[in-house]
Each structure stands twice: as C-alpha cells, then as structure tokens.
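In what follows, a structure is listed as structure tokens, so that the remarks can point back to it.
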Amino acid sequence: MKFFKQSAAFVLGFLLMAGSVFAQGNPMQQKMQQAQPDSITNDELKKFAAVTSDVNEKIDAEIVSLLADKEMDPERFQEIMMKQRNPRTDSADVTEQEQKTIDEVQPKLMKVQQKEIMNAMEKNGLQPQRFQAIVKALQSNPEVVKRYRKITQEQQQKSGQN
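Under our numbering, the first residue of the sequence shown is numbered 96, with each subsequent residue one higher.
Dropping the structure here:
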C-alpha cells in the first residue's frame, strides 16, 4: 500500500513529461493557443488535479500488472524511475536485469499513460492545449505550483473524509 500512496509524485512527473508529447503538435497552433501561466484558473487546476488523480489510479494498476511477471517490485520500479528523472538524487544503483525490465516496461507505460491522459482530459473537460499550458506553468511558475498543491491537498482531505 505504501507504493500507491507514494506514486502521486511519480505519476505527476510522468504527466509533466507527457505534456511534452502534446507539445509536439503544430508549433504555430501551439503558439497561438498557449496560455500565460497567470491565466491558469483555479477551476482549470482542479480539472488538472482530477486528470492526475484519474491517471494515477490507472497507472498504479498498470505498473503492478506490467511488473507482475517481472522480478521487480513496483516500489523499486518507482524508486529507480524517480531517481533517474531527478539528477539531484543519488543514483539508483540499477542492476542489469532491473534496467532491462525498465527498458521493456517504460514504453508500454508511456503508451498507456498517453491514452489515459486523453481519456481523463475528456472526462474532466480539460482541452489538450490547456493541459499543456498548465504543465508549462507547473514547470515554470511557483505561484501556480503553490495554488495546485493547495487544491490537491484540499481534494485529498475531502477524499479522506468520505
């Protein structure tokens, strides 16, 4: 169960990476449609949080499923992936077998994630362009990050009360 509680940051990292996938469309169209970080509304941040929550649930299950026949614990997979994405942390001391597993699982996970992000955006009423604008704002604007964290904490408290 510890894995599922810790995976929110892991999945958010995946989502931020996935934002670059959506950025690979038509550059002119993107330039016109990108929002300034200051224009990100709390309602949009709530929708983004709902998308991350929906995707988080699906990705958790997918990681467990993909690793079921591998000799790697989901927590170890998450640890390695987080350390590989964050250059400020110590290396994960990855074995050859672990790296092979990651190389097999990661592309499958990214494909599932892209599908789930699109489904979750549609379900929560968030357009891909706005999703990308929020990703960009979360990567570059501390004020948006602060507002997003507050919203996600409030949502976690609400879900903990239910």
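For each residue, glycine too, the CB sits at the ideal point set by N, CA and C.
Start and end residues, alpha helix (DSSP H) containing residue i
i, result
"A156", "137-162"
"P182", "Premise fails: P182 is in no alpha helix (DSSP H) and is neither H nor E."
"K210", "191-219"
"E231", "Note on residue identity: the sequence assigns Lys, not Glu, to residue 231. Element bounds for K231: 223-235."
Separation of residue j from residue i, as counted between CA atoms
i, j, result
"D168", "D155", "12 Å"
"G220", "K142", "7 Å"
"A344", "V240", "In this structure the chain extends from 96 to 257, so residue 344 is not present and cannot be described."
"R242", "P223", "20 Å"
"K174", "V159", "The sequence as given places Glu at residue 174; Lys does not occur at that position. Answer to the nearest angstrom: the Cα atoms are 14 Å apart."
"K253", "T147", "16 Å"
Rounded distance between the beta-carbons of residue j and residue i, thought under 8 Å
i, j, result
"I229", "E139", "6 Å"
Proximity below 7 Å, CB of residue i to CB of residue j
i, j, result
"K153", "E191", "no"
"M216", "F226", "yes"
"Q250", "A163", "no"
"V207", "E170", "no"
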